[in-house]
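Reviewing the structure listed below.
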Amino acid sequence: MSVKPANLELREVSGPSALGGGRHRFFELLWLMSVTEFKRTFFGTVLGYVWSLMRPLLLFAVLLLVFTKIFRIGSQVPHYPVLLLFNIVLFGFFQEGTGGAVASVVGQEGIVRKTQFPRLVIPLAVVLTALFTLGLNMIVVFAFMLGFGVTPMWTWLLFPLILLPLGVFTAALAMLLSALNVRFRDVAIIWVVVATALNYGTPIIYPMKIVPGGLKQVILANPLTPIFQQARVWMIDPHAYSPLTIANGPVPLIAAALIYIGVCVAGVWVFNREAPRIAEQL
Amino acid sequence: MTTHAPPQVAIEVSGVEKTFRIPTQRVDSLKERLTTFSQPGYRELHALRDLSFEVERGEFFGIVGRNGSGKSTLLKILASIYAADAGRVRMAGRLAPFIELGVGFNNELTARENVELNGVMMGLTRRDARSRLGAVLEFAELEEFVDLKLKNYSSGMLVRLAFSMMIQSDAEILLIDEVLAVGDASFQQKCADVFYEIRDSSRTVVFVTHDMSAVEQYCHRAMLLHDGGIRAMGPADEVARSYLRLNFEQAPGEGDADMGGMADITLLDVWLEDGGGERITNVEKGAELRFGAIFEAHRHVDGPSFGFAFDNADGVEVTGFGISLPEGAPDAVEPGQRIRLGGEIENRLEPGRYVTKCWVHREHNLANLVLHSPHVLDFVVYGKEGAGVVALDHHIAASVKDGAAVGDGISVEGQR
């Protein structure tokens, strides 16, 4: 309990903020919170990991049945089962990250109202935890890919280039939604619906080439579409169309890019603006 | 932004204001926001008004005030949980904010993991937090439970861990909000020792409490907040007296109790005495305990009865008593009359902290409440802890007899 008799200087206390308390502390706290949450889910119970894998696998099994036996979309797409599983797992990350983050700040009310720490850690820890889960699930996906005869490609190494824009987008939405949900508690409810819409508005269970013209423009405006499409090319099927080919030039993708940038800017701006007042509004 | 200032000031608060805008109509959903066209109205609550003070390095500084006086808001601004609307706060050194003990503990994690997480939350590095684990657990006397999840801890164990965490955090400035009323008697003693130690060290403590005996015991200086402003500031005992005066002077409607206007009868003073008639705030288990209170009537009240009850730290009402005016005299009080209660209480209280509640009824009818104050006096009973809530006397003896029938080989006698 020794206190260094250092010559302490008065420093202005800046109040609560998104990043307050130093970068070092921010990252340590972010890491620690994500890791503990991750450990809790996966190693806290015997079936932890099995359960978390059950969800995408079951969904995968159902969709696979429906779209290969009933609708037969799958039969036109090379490596459809693997592509489907890969897409489900990838979208699962987005859904878990944003869906978990929406209510995260409100849910952590106890610590937000009673202690000072960088507020941004809360939604970002949810996204980071989802990223860890994705990492674990990707092991299974790669096993499936090899098992279903996808030939290993050097482009697999480009997976981080898929994750980066997806992760940034997820984090930005997590910030935006968690901050808005403090003010408007129905954001969480609305987001469930929007996320489901996005699930169908992204080429996950269907390939882009069967989408009719008008709807195609809408789906192309979804920032997730080019990410998922590029992922398909790099990871599963090098002969699939790239986002640029599908869109027939860069112009249709501008809307997606603008939305992407808009969400990122809004996420940072809204969270920063709300952070100092979050404790009061809870 | 760093400025050079005399190093002896640890906390400098200048011109801090905080106003809460309380919407007259709460709009907390997007749906309502979109469907409500009128601008929602606000009522302004001035929690802090142009507050300025300084706390010197090494000081044990108390902040007291009634509920709603702004002390929690101030503490939260000091702790960077709330942003001030105006003014600035400057501090010298690292701060360990403890608005409440055990904040940020995760029940699903073990003590080991929680110490690390909590340490980082308080601004330690992970390595630092881990290196303190031993010291934290040792002080909390929880070494054997290091790998037990907190959900399996008792509340006493949690409090010990949290308090220990705070003590070991090594921050130069500690913010402490009402934590003394926790733990068993021996741990309380340990906490008291630490408080004395901190009091005499170069660490600075801001201590918010309702407990005037604690203020007098530990604080070098204290500040009384009232309506968001400083009502009194100075030596701890003087401020404690101002607080008590403020508490008893005021009609209960303005503070703790929810009754409108000035009560017909108010409590002027309430205290405990030892056998020698000396006022006390701590009493040894089983020692003679005398009780006193003075009320003043402001209007004519028929058939007044005066009640007091003691709650223990768990919020359990341990005992209570109701007193009426003596027979023979008129069963009514007139404006300006004072009523004095006094006498002995059989002290069967177990060690711990007790809160005294007070109420007054008219016409001996429980439904006619004249006064109700849930928190008029705090006291601590110390001594060896027994089982249960109260320590009842017993006269039970065991005896062994020879040669008799097997059946009454051992008899247990009860007297009285």
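These protein sequence lines map, in sequence, to chains G and V.
Mapped onto my numbering, the consecutive letters of the first sequence carry residue numbers 1 to 282.
Mapped onto my numbering, the consecutive letters of the second sequence carry residue numbers 1001 to 1416.
Glycine included, each C-beta is placed from N, C-alpha and C at the ideal position.
Which partner residues of residue i appear in the DSSP bridge assignment?
i: E1044 (chain V); result: V:R1021
i: Y1354 (chain V); result: V:N1312 and V:F1379
i: I1230 (chain V); result: V:L1225
i: G1471 (chain V); result: There is no way to answer for residue 1471 (chain V), as the model of chain V reaches only from 1001 to 1416.
i: T1204 (chain V); result: V:I1173
i: P1097 (chain V); result: V:L1175
i: A1341 (chain V); result: With the sequence shown as reference, residue 1341 (chain V) is identified as Leu, and Ala is not the correct amino acid for it. Note: L1341 (chain V) sits in a beta bridge opposite V:A1293.
i: G1062 (chain V); result: V:F1207 and V:A1222
i: W1359 (chain V); result: V:G1307 and V:H1372
i: T1073 (chain V); result: The partner list for T1073 (chain V) (beta bridge, DSSP) is empty, contrary to what the question assumes.
i: F1053 (chain V); result: V:V1013
i: P1235 (chain V); result: V:R1221
i: L10 (chain G); result: V:A1092
i: T1266 (chain V); result: V:E1296
Give me the Cα-Cα distance between residue i and residue j, rounded to the nearest whole angstrom.
i: A256 (chain G); j: P223 (chain G); result: 5 Å
i: F26 (chain G); j: S1242 (chain V); result: 43 Å
i: F1295 (chain V); j: G1156 (chain V); result: 37 Å
i: M138 (chain G); j: G1104 (chain V); result: 32 Å
i: S1202 (chain V); j: E1054 (chain V); result: 16 Å
i: F1207 (chain V); j: G1070 (chain V); result: 14 Å
i: F117 (chain G); j: Q229 (chain G); result: 39 Å
i: L57 (chain G); j: V89 (chain G); result: 9 Å
i: D1050 (chain V); j: V121 (chain G); result: 32 Å
i: L1075 (chain V); j: N1106 (chain V); result: 24 Å
i: V1316 (chain V); j: V62 (chain G); result: 56 Å
i: N1347 (chain V); j: A1287 (chain V); result: 7 Å
i: R40 (chain G); j: E1108 (chain V); result: 7 Å
i: V1389 (chain V); j: T1281 (chain V); result: 20 Å
i: R1057 (chain V); j: L1175 (chain V); result: 13 Å
i: E1334 (chain V); j: R1299 (chain V); result: 6 Å
i: T1209 (chain V); j: E1100 (chain V); result: 12 Å
i: M1 (chain G); j: L157 (chain G); result: Any answer about M1 (chain G) is weak, because its pLDDT of 42 lies below 50 and its placement is not dependable; what the coordinates show is given next. Using only the alpha carbons, I get a separation of about 50 Å.
i: V3 (chain G); j: A1171 (chain V); result: Residue confidence is low: V3 (chain G) scores 43 on pLDDT, short of 50, so the model does not pin down where it sits. Its coordinate-derived value is still stated next. The straight-line gap from Cα to Cα measures roughly 8 Å.
i: Q76 (chain G); j: I236 (chain G); result: 15 Å
i: K1190 (chain V); j: A1140 (chain V); result: 10 Å
i: L244 (chain G); j: F148 (chain G); result: 28 Å
i: I1323 (chain V); j: A1297 (chain V); result: 16 Å
i: L146 (chain G); j: L198 (chain G); result: 29 Å
i: T36 (chain G); j: L166 (chain G); result: 23 Å
i: M175 (chain G); j: V194 (chain G); result: 16 Å
Does any CB atom of chain G fall closer than 8 Å to the CB of residue i?
i: F1020 (chain V); result: yes
i: H1004 (chain V); result: With a pLDDT of 46 at H1004 (chain V), under the threshold of 50, the modelled position of that residue is not reliable, and the figure given next carries that caveat. Answer yes: the Cβ-Cβ gap between H1004 (chain V) and chain G drops below 8 Å somewhere.
i: E1116 (chain V); result: yes
i: T1110 (chain V); result: no
i: A1084 (chain V); result: yes
i: M1165 (chain V); result: no
i: P1097 (chain V); result: yes
i: V1103 (chain V); result: yes
i: E1100 (chain V); result: yes
i: K1151 (chain V); result: no
i: K1031 (chain V); result: yes
i: M1091 (chain V); result: yes
i: M1001 (chain V); result: Caution is warranted here: a pLDDT of 43 is assigned to M1001 (chain V), below 50, making its placement in the model unreliable, and the coordinate value is therefore given only provisionally. Yes, because at least one Cβ of chain G sits closer than 8 Å to the Cβ of M1001 (chain V).
i: A1251 (chain V); result: The pLDDT assigned to A1251 (chain V) is 45, lower than 50, so where the model puts this residue is not dependable, and the model offers no usable value.
i: E1138 (chain V); result: no
Kindly indicate if chain V contains any beta-carbon less than 8 Å away from that of residue i.
i: P16 (chain G); result: yes
i: T115 (chain G); result: yes
i: I122 (chain G); result: no
i: P276 (chain G); result: yes
i: L90 (chain G); result: no
i: F60 (chain G); result: no
i: F184 (chain G); result: yes
If residue i and residue j are in contact, beta carbons under 8 Å, what's the gap, nearest whole angstrom?
i: E1350 (chain V); j: L1289 (chain V); result: Contact flag wrong, Cβ pair sits at about 13 Å.
i: F91 (chain G); j: T170 (chain G); result: Between T170 (chain G) and F91 (chain G) the Cβ distance is about 10 Å, and since that is not below 8 Å, they are no contact.
i: G1062 (chain V); j: V1215 (chain V); result: 4 Å
i: V1146 (chain V); j: R1112 (chain V); result: 5 Å
i: R1090 (chain V); j: L30 (chain G); result: 28 Å between Cβ atoms; not a contact.
With hydrogens ignored, establish whether the beta-carbon of residue i is closer than 7 Å to any heavy atom of the ligand FMN.
i: V1376 (chain V); result: Questions concerning the ligand FMN fall outside what the structure shown contains, since it holds no ligand whatsoever.
Do residue i and residue j have their C-beta atoms closer together than 8 Å?
i: I162 (chain G); j: W234 (chain G); result: yes
i: M1122 (chain V); j: S1169 (chain V); result: yes
i: V1115 (chain V); j: M1166 (chain V); result: no
i: V13 (chain G); j: L282 (chain G); result: no
i: F1060 (chain V); j: Y1218 (chain V); result: yes
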